[in-house]
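Everything on this sheet refers to the single structure shown next.
Residue numbers (the UniProt record's numbering): 1 to 604.
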């Protein structure tokens with residue numbers, strides 16, 4: 001028999017689930033917080049109206065993912081969660097595309113609901129290539145269809161239950177028939193005959209009819225609800241978080257859900273979240289189906305009181321964790337005025353309070369928590385002011401390796417483990433990398449092992465570093481040039497590569513070299529559109545090595561030794577003359593125009 005779960009798993013992204021290992025640091029709402037919003041979502045999810053899609057939106061850091069995680073946990077506990085998919089821009093998570101969304105949710109649904117699993121097995125038996133079909137076909141056959149037929153299982157179960165109860169009540173038949181008034185007897189016969197014909201075929205005898213009538217009379221007040229549950233079981237819930245972190249195909253997913261799904265009552269309801277309507281494509285897609293979507297704007301539910309409660313509880317936990325710093329403190333800390341300042345400075349964003357607590361509780365910088373909170377409160381209001389403070393207070397802020405590490409985390413095309421990142425950026429050792437990043441726990445997750453990835457605690461810090469309208473501390477052009485230089489150095493220098501393999505874990509050297517081969521040209525075409533400007537920047541970046549390293553590298557792409565490792569990207573011809581700057585500019589423009597960011601063979 002076909003192993004449905006195994007087949008679905010091969011096309012799914014398990015890390016996208018709300019309770020995956022990658023999501024383990026994502027908290028749920030603190031009890032007592034976000035009560036109004038959570039109640040609004042639950043009332044929508046439990047209703048039977050025709051608005052089967054709910055869109056929750058708000059600014060970055062306002063707690064959308066925390067709310068989505070809380071709802072997912074609640075409905076999973078009640079066995080009403082079909083599945084969840086949490087998008088992420090972090091390349092280490094591989095959750096930027098809609099390609100695997102349906103398979104991932106279908107996988108979770110099949111694991112949680114055996115009835116659905118059997119229906120999906122029928123789909124896979126009929127069409128084993130379903131995963132190559134359009135998003136719309138996958139949506140209908142793997143997600144909606146199996147749940148749409150779920151109600152018949154409920155009906156069969158109800159019939160079996162009634163038959164069992166009928167047999168149990170046979171002994172009461174004579175007593176009730178002998179004492180029943182004539183009028184009631186007639187009514188009983190009519191009603192029982194009707195129910196017998198509707199529920200059973202062929203009609204059952206008088207004993208079973210009697211039992212049915214007793215059950216009907218006894219539960220008359222609950223009959224409408226019971227029948228509704230039998231014939232229309234409560235809808236399952238699908239949760240899709242952070243649509244704004246999806247690639248350009250987010251609109252197609254919204255269109256499939258909102259435009260092609262008209263079941264009433266809906267067997268599945270969809271809860272979607274994204275940032276405030278900044279993305280015109282996402283916003284336009286939602287507004288297009290406004291009559292089918294329930295809108296929730298987080299800004300309509302001020303979070304100041306919730307942030308106050310969150311801050312008080314977490315500061316209390318901080319004091320318990322680091323009690324040695326507070327034993328001699330005579331007054332209460334933080335003071336009520338401190339809490340008021342935190343609430344006001346947060347501007348309604350939970351991420352402000354969370355980042356502040358991480359900053360105050362980071363013991364790697366020498367200051368005690370009381371001092372760190374005092375210094376943080378001197379900053380201007382808002383998240384950017386706090387991010388600027390925690391960034392500039394990093395002990396190794398002026399270390400020449402500090403900025404390249406953060407830049408690589410922002411602009412690498414594929415995620416690298418800490419160990420592989422050390423090899424690519426030539427940082428010497430993972431110990432050195434950790435030393436450079438000490439004091440950064442308020443905005444980075446630094447793994448305990450070298451085989452895991454460094455990640456941002458919240459993507460709003462990534463935006464702060466790279467957005468030209470905010471801080472723009474890390475320039476994309478400068479960073480892509482830097483990574484390109486590192487890639488070329490790693491590829492060309494065979495002696496260095498051999499030394500690295502000997503001195504470091506060979507897996508790290510292998511993975512970093514694979515990355516260099518697969519992505520050097522992607523960083524090249526990610527530079528500014530002007531070919532001439534690009535050449536000048538390349539000359540500046542490589543300096544005296546422009547000809548001896550970079551152009552030799554391009555020449556080498558025509559060598560068979562190089563070709564064993566990578567196929568020359570489409571549009572880039574080998575053996576470029578070292579004096580033909582304009583030819584190189586044309587080559588770069590050709591790649592950008594024809595391929596965007598072409599991939600090369602990663603075989604080594």
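Here a beta-carbon is modelled for each residue, glycine too, at the ideal position from N, C-alpha and C.
For residue i, does the count of other Cβ atoms within 10 angstroms reach 16, so buried, or fall short, so exposed?
i	result
residue 52	buried
residue 114	exposed
residue 460	buried
residue 389	buried
residue 35	exposed
residue 105	buried
residue 489	buried
residue 344	exposed
residue 280	exposed
residue 84	buried
residue 22	buried
residue 125	exposed
residue 290	exposed
residue 340	exposed
residue 526	buried
residue 511	buried
residue 506	exposed
residue 493	exposed
residue 346	buried
residue 109	buried
Opposite residue i in the DSSP bridges: which residues?
i	result
residue 84	239
residue 270	53 and 238
residue 445	455
residue 294	54
residue 95	88
residue 275	58
Thinking residue i and residue j are a contact (beta carbons under 8 Å), I'd like their distance in whole angstroms, please.
i	j	result
residue 453	residue 427	Contact flag wrong, Cβ pair sits at about 15 Å.
residue 273	residue 236	That pair is no contact at about 18 Å.
residue 607	residue 87	Lying outside 1 to 604, the shown extent of the chain, residue 607 is not represented and no answer is given.
residue 464	residue 384	6 Å
residue 284	residue 364	Contact flag wrong, Cβ pair sits at about 46 Å.
residue 424	residue 416	6 Å
residue 11	residue 103	4 Å
residue 356	residue 386	6 Å
residue 135	residue 252	6 Å
residue 267	residue 148	5 Å
residue 479	residue 382	Going by Cβ atoms, the distance from residue 479 to residue 382 rounds to 25 Å, so no, they are not a contact pair.
Could you tell me the distance, in whole angstroms, from the CA atom of residue i to the CA atom of residue j?
i	j	result
residue 240	residue 361	32 Å
residue 483	residue 523	7 Å
residue 446	residue 434	8 Å
residue 514	residue 451	16 Å
residue 60	residue 275	6 Å
residue 14	residue 336	43 Å
residue 3	residue 122	11 Å
residue 310	residue 354	9 Å
residue 119	residue 146	5 Å
residue 262	residue 248	25 Å
residue 55	residue 128	33 Å
residue 259	residue 292	9 Å
residue 467	residue 74	36 Å
residue 413	residue 91	7 Å
residue 62	residue 349	5 Å
residue 287	residue 49	19 Å
residue 18	residue 69	6 Å
residue 318	residue 538	49 Å
residue 117	residue 380	54 Å
residue 307	residue 57	18 Å
residue 485	residue 508	19 Å
residue 6	residue 521	36 Å
residue 41	residue 99	27 Å
residue 250	residue 234	28 Å
residue 476	residue 394	22 Å
residue 402	residue 432	11 Å
Shorter than 7 Å from the beta carbon of residue i to some beta carbon of chain D?
i	result
residue 381	Included in the structure is just one protein chain, with no chain D present.
Touching by the beta-carbon criterion (3+ pairs, under 8 Å), the region 373 to 388 and the region 320 to 331: no
Segment contact, 8 Å Cβ cut-off, at least three pairs: the region 297 to 314 with the region 30 to 48: yes
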